[in-house]
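Report on the following structure.
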Amino acid sequence: MGSLCDPTPDVVPVLTLHALSPSPPDAPVFGPRPCAGPALGPRSSLLFASLDAAVEGLQQRAQDALSRINSGREEAHTELSALRNSLLLKVSELAEQLEERLFHRYGFHNGLIQERLQALGEVMERVEEVQAELRRICCTVEAAYQELYLQHRDGTRHGAQHQGSP
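See below:
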């Protein structure tokens with residue numbers, strides 16, 4: 014069994030740090046180790062008592078340092094959480110503003126598109142009217158050509174009949 018007199022202790026306390034909380038309840042507590050060996054003389058006893066006190070002081074300082082580290086980690090975590098929440102809120106606000114601007118732009122462009130579609134509809138209607146008028150003109154011109162052709166043809170026949178019978 015290990016003791017202060019034995020250089021190889023049975024259990025070596027391991028200090029673990031939890032990232033965001035103080036020392037867990039099952040963390041080792043340092044204290045003086047009893048010596049299982051023979052009784053020591055008064056001088057040795059004072060020396061070991063002094064040594065035990067120094068070790069205990071070091072252990073307490075180490076425990077205090079661990080507590081400060083864990084406390085610092087907790088504070089850092091709290092600050093990071095607050096920063097994260099603040100950033101999420103700001104990003105949410107900016108996204109909402111962007112969405113509002115996009116909807117405004119969409120509305121504006123939809124109005125322009127609607128106006129142009131209406132103008133296009135009016136132009137297409139006018140094109141249809143002009144096409145109908147052009148068809149009427151083409152039909153009139155075609156009818157005039159047919160009439161002229163028939164008159165010319167009939168005139169040529171009548172002229173040939175008059176020339177052949179004197």
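In my numbering, the protein residues as written are 14 to 179. All C-beta atoms, glycine included, are put in the ideal place defined by N, C-alpha and C.
Have a look at residue i and residue j and give me their C-alpha separation to the nearest angstrom.
i           : j           : result
residue 82  : residue 63  : 28 angstroms
residue 72  : residue 80  : 12 angstroms
residue 149 : residue 156 : 10 angstroms
residue 57  : residue 78  : 31 angstroms
residue 92  : residue 109 : 25 angstroms
residue 160 : residue 143 : 25 angstroms
residue 98  : residue 105 : 10 angstroms
residue 61  : residue 75  : 20 angstroms
residue 125 : residue 146 : 31 angstroms
residue 162 : residue 122 : 58 angstroms
residue 154 : residue 118 : 53 angstroms
residue 131 : residue 137 : 10 angstroms
residue 166 : residue 139 : 40 angstroms
CB-CB under 6 angstroms to residue i, same chain, minus the five flanking residues each way: which ones, in chain order?
i           : result
residue 127 : none
residue 129 : none
residue 135 : none
Got a sec: does the ligand ZN put a non-hydrogen atom nearer than 7 angstroms to the Cβ of residue i?
i          : result
residue 97 : With respect to the ligand ZN, the structure shown offers nothing to examine, as it has no ligands at all.
Below 7 angstroms CB to CB, which residues in the same chain sit around residue i once its five sequence neighbours on both sides are set aside?
i          : result
residue 95 : none
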